[in-house]
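Structure first, then comments.
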Amino acid sequence: MSNWRVLGIGSPFGDDQVGWRLVAALESLDKTTASGEAGQCSALALDRPGTGLIHALAGARGAIVVDALQGTGEPGRIHRLSVAELTQANGCFSSHSFGVAEALALADELKLLPRYLLILGVEMSESAPSEDVSPAVAAAVPELCTLIHATLTAWRSHWPGLNREVKTCV
């Protein structure tokens, strides 16, 4: 696995698929995205963020974690969050029992968080779970790709080891 990671958290239910959709979009842009070559960015879809998320962060210089969140805002809205904000929310951002907040808090305590970390939450719609992502959340995927591109470009300016251009999706 590479030093630079995009981790999409999700499940097969409705808007909670957004992390998986993002990883699929990134992989469809460039099949080398998930190649794991040194210095490259890998994209990984996770279905149980708990200890699997901690394992996926291990050894990374930088990671971007994307998950759907249950909030009161407009569906598809993207939030930048800190580990502290997730912890203070007492798990309300995740539908997972040992969710992103708990996994990142534990990784922080164990000094396993990467030097660079961006946590992105995408507001879910309030409709009943379905098999497909709502149009508003699906529309957030290209915006996520652009945000990830900008983030990795900024990180690359601090760490020359990230030496390939990361493509954006439209």
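Residues 1066 to 1235, numbered by the working numbering, are exactly what the sequence shown covers, in order.
For glycine and all other residues, C-beta sits at the position ideal for the given N, C-alpha and C.
The structure displayed is predicted, hence computed values, not measured ones.
Just how far apart, CA to CA, sit residue i and residue j?
| i | j | result |
| --- | --- | --- |
| ASP1197 | ALA1172 | 32 angstroms |
| CYS1210 | LEU1087 | 7 angstroms |
| ILE1213 | VAL1130 | 10 angstroms |
| GLU1123 | GLY1141 | A small correction: the amino acid at residue 1123 is Ala; Glu does not occupy that position in the sequence shown. Approximately 29 angstroms, taken between the alpha carbons. |
| GLY1101 | PRO1200 | Reliability of the predicted coordinates at GLY1101 is poor, the pLDDT of 38 falling under 50, and no value is obtained from them. |
| VAL1083 | HIS1223 | 29 angstroms |
| GLY1186 | ARG1221 | 23 angstroms |
| ALA1166 | LYS1176 | 15 angstroms |
| ALA1205 | GLY1127 | 22 angstroms |
| SER1107 | ALA1170 | 23 angstroms |
| GLU1174 | LEU1091 | 31 angstroms |
| ALA1109 | TRP1085 | Checking the sequence shown, residue 1109 turns out to be Leu, not Ala. Rounded to whole angstroms, LEU1109 to TRP1085 spans 8 angstroms at the Cα level. |
| ALA1125 | GLY1138 | 31 angstroms |
From the DSSP output, which residues share a beta bridge with residue i?
| i | result |
| --- | --- |
| CYS1106 | TRP1069 |
| ARG1145 | LEU1185 |
| LEU1087 | According to DSSP, which records beta bridges pairwise, LEU1087 is partnered with nothing at all. |
| LEU1111 | ILE1074 |
I need the boundaries of the beta strand (DSSP E) containing residue i, first residue and last residue.
| i | result |
| --- | --- |
| ASP1132 | 1127 to 1134 |
Span of the alpha helix (DSSP H) holding residue i?
| i | result |
| --- | --- |
| ASP1173 | 1165 to 1174 |
| THR1116 | 1115 to 1122 |
Answer yes or no: do residue i and residue j have a C-beta to C-beta separation smaller than 8 angstroms?
| i | j | result |
| --- | --- | --- |
| LEU1146 | LEU1072 | no |
| LEU1183 | THR1216 | yes |
| ARG1180 | ALA1121 | no |
| PRO1114 | GLY1164 | yes |
| LEU1111 | ILE1143 | no |
| LEU1151 | GLU1188 | no |
| THR1116 | ALA1149 | no |
Start-end ranges of the alpha helix (DSSP H) lying completely within the stretch 1186 to 1222, minimum 4 residues: 1200 to 1203
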